[in-house]
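Peer 1: Quick note on this note's numbering: the sequence shown kicks off at 4 and runs consecutively.
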Amino acid sequence: MAGELSPIDKAKFVAAKRAAQYVEDGMRVGLGTGSTAAWLVRCLGEHVRNDGLRIKGVPTSTRTAELAREVGLDIVSLDEAKWLDIT
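(1) What would DSSP say about residue 35, mapped onto helix, strand or coil?
(2) Does the region 51-60 come close enough to the region 15-34 to have 3 or more Cβ pairs within less than 8 Å?
(3) Return the residue from the list 20, 31, 83 that minimises the CA-CA distance to residue 40.
(4) Distance check for residue 67 and residue 36, CA to CA, integer angstroms please.
(5) For residue 84 and residue 61, I'd like the C-alpha separation in whole angstroms.
(6) How long is the line joining the alpha carbons of residue 73 and residue 86, rounded to whole angstroms?
(7) Return the CA-CA distance between residue 31 and residue 16, expressed in angstroms with no decimal places.
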């Protein structure tokens with residue numbers, strides 16, 4: 004996936020892959036907004052599908068929530084999550 008990207012998008016992808024390594028099973032994860040956050044959501048979706056990672060995503064925008072659902076993340080509100088383990 005990263006081979007066909009612009010240098011900026013490749014850097015964002017690499018940063019997202021690295022950030023995803025800090026997310027552990029059972030965490031409540033704050034999901035930001037913007038292009039780098041979107042890469043992170045995609046990377047987390049890959050971990051959910053391929054590795055069985057179970058997390059609760061707490062999105063900061065409708066757009067992030069839609070993407071998170073598309074890639075298979077469970078979404079909850081901040082009220083439901085009560086706290087975040089990582090943002």
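Where is the CB? At the ideal position from N, CA and C, for every residue including glycine.
Peer 2: Quick look at the numbers:
(1) Taking the first residue of the sequence shown as 1, we reach residue 35 at position 32. In the three-state scheme derived from DSSP, where H, G and I count as helix and E and B as strand, residue 35 is classed as coil.
(2) Short answer: they touch.
(3) The count along the sequence shown starts at 1 and reaches residue 40 at position 37. Restricting attention to 20, 31, 83, the CA atom closest to the CA of residue 40 is found in 20.
(4) Start at 1 with the first residue of the sequence shown, and residue 36 comes out as number 33. Start at 1 with the first residue of the sequence shown, and residue 67 comes out as number 64. Whole-angstrom Cα-Cα distance: 6 Å.
(5) As a first step, residue 84 is located in the sequence shown; it is residue number 81 there, counting from the start. As a first step, residue 61 is located in the sequence shown; it is residue number 58 there, counting from the start. Those two C-alpha atoms are separated by around 7 Å.
(6) As a position in the sequence shown, residue 73 is number 70, starting the count at 1. As a position in the sequence shown, residue 86 is number 83, starting the count at 1. So the two alpha carbons sit approximately 24 Å from each other.
(7) For the purposes of this step, residue 31 is taken as the residue at position 28 of the sequence shown. For the purposes of this step, residue 16 is taken as the residue at position 13 of the sequence shown. Whole-angstrom Cα-Cα distance: 22 Å.
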